[in-house]
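**Student:** What the sequence shown shows, in numbering that gives the first Met the number 0, is residues 0 to 84, in sequence order.
Virtual Cβ for every residue (Gly too), placed ideally from N, Cα, C.
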Amino acid sequence: MIVERWRKGTPDQFWAEFSVDGKHMTFSAITKRLRETRLADDKELAEVAKQEYGDLFAQTFSYRRGGKVFIMTDPTSIANRYRSL
């Protein structure tokens, strides 16, 4: 996660985003913020998928377990499936 974000811009841009009062955030604080951001993005993308697929959502965003079909409810799972489509 951190390396991916580091490579998106310059080191100065990275530290501008991950500094508080001019002091660099710790590794743990950075990963926590990145996880929170990713979760918010996943929730938003899951809503987009539900609206975009409408009646086909249950068919497209489902999985089998133990011979039964389940519709996805986890925003991260929905977002990952949506990205792969």
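Starting from the C-beta of Met-0, find all residues in its chain whose C-beta is less than 8 angstroms away, skip the five residues before and the five after it, and write them out in chain order.
**Tutor:** Correct list, in chain order: Thr-30, Leu-33, Arg-34 and Arg-37.
**Student:** Do the stretch 3 to 16 and the stretch 40 to 60 make contact, defined as three or more Cβ pairs closer than 8 angstroms?
**Tutor:** Touching, no.
**Student:** If we count the other Cβ atoms within 10 Å of its Cβ and call it buried at 16 or more, is Ala-39 buried or exposed?
**Tutor:** Its Cβ having fewer than 16 others within 10 Å, Ala-39 is exposed.
**Student:** Between the alpha carbons of Asp-54 and Lys-67, how many angstroms are there, rounded?
**Tutor:** When rounded, the distance between both Cα atoms is 20 angstroms.
**Student:** Tell me which residues share the same chain as Lys-49 and place their Cβ nearer than 6 angstroms to its Cβ, disregarding the 5 neighbours each side in the sequence.
**Tutor:** Same-chain partners within the cutoff: Phe-56.
**Student:** Under the rule that 16 or more other beta-carbon atoms within 10 Å means buried, what is Ile-77, buried or exposed?
**Tutor:** Its Cβ being crowded by 16 or more others within 10 Å, Ile-77 is buried.
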